[in-house]
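Quick notes on the structure that follows.
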Amino acid sequence: MPNTFFITTPIYYVNDVPHIGHAYTSIACDFIARYKRMSGVETIFLTGTDEHGQKIQKAAEKNNISPLDLCNKNSKKFNDLTKILNLSNDDFIRTTEERHKVGAKTLWKKLLASGDVYLGNYEGWYSINDETFYNEKDLIKQSDGSFKTITGGPVEWIKEESYFFRLSKYADRLIEYYKNNPDFILPQSRKNEVISFVKGGLKDLSISRNTFDWGIQVPDDEKHVMYVWLDALSSYPNSLGYITDDKPELKKYWENATHIVGKDILRHHAVYWPAFLMSANLILPKRIFAHGWWTNEGNKISKSLGNVIDPVEIIKDYGLDQIRYFLLREITFGSDGDFSLTALKSRINADLSNDLGNLCQRSLTMISKHCDSIIPDGKNINEKEKELLDRITSESERFSKMVNEQNINNYVKDVWEIIGDANKYFNDNKPWELKDNNVDKFKTILYVTADIIKQIAIMIYPIMPDTSIKILGLFSINEEIITLKLINKNIENIKINEVKPLFPRYE
Ligand code: MSP
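Numbering-wise, the sequence shown is residues 1276 to 1782 according to the working numbering.
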C-alpha cells in the first residue's frame, strides 16, 4: 500500500455562496483524509475555489463589483466554511493565485508542445452555468423550442475563434486506460456511463474563449483566455507544484491522487482531465469517485425554487457533528438522496442520542458512581467478551477497504452495528442488578463496555472528530494525533472524567 495520499474536493465556483452540496463533498473528503492519517498514511487534503470564467464575470457584473472583488468576498466564505465544517484540509487553492496561474500556463505549453493544440472556430451550444460545451443531442428540448441542460440550466449559441485540444485523438487511449485500471472511475455504474460517452465519439474540445477576459491568458495570444475547466482542473497538481516542478517530494503525493466529485462534473474529470494529462506526459490520478446529489424534502435544490440549504444555518440549528453524521450515513456514497428534517431528527435521536449517547452516559456514569470513577480491570473477561473487544481490530482490514473504495456510508453503518452490539451486551448483562451481589462481574461488564466505547470513539473520529475527542477526553486520552493504534490502548485503572450528555434530542 502506498504511504502517501492526496485527496481533493472540486474547487468551488465563487459566483455564489456555499450550499449543502459543497459541504457534502468537503465532509466526505475530510472523512477519508482523517481515516488515512489515522492509519499512518502521509496525507494531503486539498480544497479551494474556482474563480475564472464567464459565470464569475457575469455574476460580478450583476453585483456591480469587479470580478476579483467578488472572488475575494466569496472565496473567503468557502474558506470560512472549512473552519465551520472542521475540515482538516492542508491547503486551500484559489485559481487567481500566482502559483496556480503559472502551473496552468505550463500545462498549456505542454499540450502545445505535444502538437495537440490548434486554432479554429467554435460554433455551438454553451452553458455558462456549467461552463460546458454541449452537443445538441445531449440537451433537452423544451416546449418553446429552446434547450436546457440536464442540470436544468439554459444554453446559448456561441460562435467565436477558439483554440482546440485534439481530444478525439485520445478516445482509444482512454478506453484502454479505463480497461487496464478498472477502479479508476467509481462507482462502476458511473464508469459505464463514461465509457459509453467516449465510445459514442469524442470531438476536439474548445480550450479557449475570446469574447470576455476574466481568465488566465493563453500563452503568446493575449486575445484568448484559457477555457475555465482546463484552468480549474490543473489547480489540483498546481497546489503541489507538480506541473512546473518534478520534485520527488511533490510527485509522491500526486502519484496517489483521488478526486472526489459530484456526478455532474464526472465527464470533465474522467474524460477531459486524463486526456490533458496524457497529452502533457504527466501522471494520471488514481481514482475519480462521483457522488450523487441531494434533494431537499424531495425537491431538486435550486436557487429559483428558493430551497437552497445553507450549511451554516443548519449547523447552527442541529450541531456540526450531527450534520456530518447525517450526510455521511443517510445515503449511499455514489447515489442520490434526500435531505429531510424528519430524517435528520430521527437519525440524531435514534443513532446519536440513543445508541451512542446513552451507551456512554449509562455505563460511564456507573463507573463514576460505583467505582470511584476508576475504570475497573479486565482480568476476568470471558471468551465472548474478548471477542467483542477484539472485533474492531479483527475487522480493521474490512474497514480500511471500505474507505479505500469510498464506501463511506457502509463504514458508518458498520461502526453503528458495533455500537448496537455494545448496547446489547450492556443491556443483556444488566450490570445494575449485579452491583451489590456480584461485584466482580459488575466490574468486568463496566470494563468491557468502557473499552469498547474507547475503541468506538476512535472509529468515529473521521465521522465526528469533536465527539470522538470529547469521548476520548473522558478516558484522559488527549493525544494530539488520533491513530488507529490507540484502539489497543489500555484503559484499566484510569480515572474517568465527568460524563455529560453528548447529543440533545429533537422533537
Ligand atoms: N468549479 C467546478 C468544479 C471544478 S473542479 C476542477 C464546480 N463547482 S461547483 O461549485 O458548482 O460544484 C461543486 C460540487 O458541488 C460539485 O461536485 C457538485 O456536484 C456539488 N453539488 C452541487 N449541488 C449539489 C447537490 N444538490 N448535492 C450534492 N452535491 C452537489 O462544479
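C-beta atoms are modelled at their ideal positions from N, C-alpha and C, and glycine is treated no differently.
{"Query": "Give the single residue among 1440, 1567, 1565 and 1288 whose Cα lies nearest to the Cα of residue 1350.", "Result": "1288"}
{"Query": "Can you have a look at residue 1406 and say buried or exposed, based on whether 16 or more other CB atoms are within 10 angstroms of its CB?", "Result": "buried"}
{"Query": "Please list the segments of the beta strand (DSSP E) lying wholly inside the stretch 1537 to 1590, counting only runs of 3 or more residues, in order along the chain.", "Result": "1562 to 1566 and 1569 to 1571"}
{"Query": "State buried or exposed for residue 1299, treating a residue as buried only when at least 16 other CB atoms are found within 10 Å of its CB.", "Result": "buried"}
{"Query": "Is the closest heavy atom of ligand 1 to the C-beta of residue 1287 under 8 Å?", "Result": "yes"}
{"Query": "With the cut-off set at 9 Å, would you say residue 1598 and residue 1589 are in Cβ contact?", "Result": "yes"}
{"Query": "Please find out if some non-hydrogen atom of ligand 1 comes closer than 8 Å to the beta-carbon of residue 1569.", "Result": "yes"}
{"Query": "Is any non-hydrogen atom of ligand 1 found closer than 8 Å to the C-beta of residue 1508, if you look at the structure I gave you?", "Result": "yes"}
{"Query": "Figure out for me which residue from 1729, 1680, 1642 and 1761 has the closest Cα to the Cα of residue 1783.", "Result": "Look at the range of the chain in this structure, 1276 to 1782, and you will see that residue 1783 is not part of it."}
{"Query": "In whole angstroms, what separates the C-alpha of residue 1493 from that of residue 1419?", "Result": "38 Å"}
{"Query": "Any heavy atom of ligand 1 within a distance shorter than 8 Å of the CB on residue 1540?", "Result": "yes"}
{"Query": "If you draw a straight line from the alpha carbon of residue 1746 to that of residue 1277, how long is it in whole angstroms?", "Result": "31 Å"}
{"Query": "Out of 1309, 1570 and 1632, which has the shortest C-alpha to C-alpha gap to residue 1611?", "Result": "1570"}
{"Query": "Taking only three categories from DSSP, how would you classify residue 1431?", "Result": "strand"}
{"Query": "When the Cβ atoms of the stretch 1481 to 1501 are set against those of the stretch 1326 to 1338, are three or more pairs found closer than 8 Å?", "Result": "yes"}
{"Query": "Give me the DSSP bridge partner(s) of residue 1397.", "Result": "1435"}
{"Query": "Are there three or more Cβ pairs, one per stretch, closer than 8 Å when the stretch 1569 to 1588 is compared with the stretch 1526 to 1533?", "Result": "no"}
{"Query": "With a threshold of 16 other CB atoms inside 10 Å of the CB of residue 1660, please say whether the residue is buried or exposed.", "Result": "buried"}
{"Query": "Can you tell me which of 1541, 1521, 1338 and 1402 puts its alpha carbon nearest to the alpha carbon of residue 1284?", "Result": "1541"}
{"Query": "Quick check on DSSP: helix, strand or coil for residue 1492?", "Result": "strand"}
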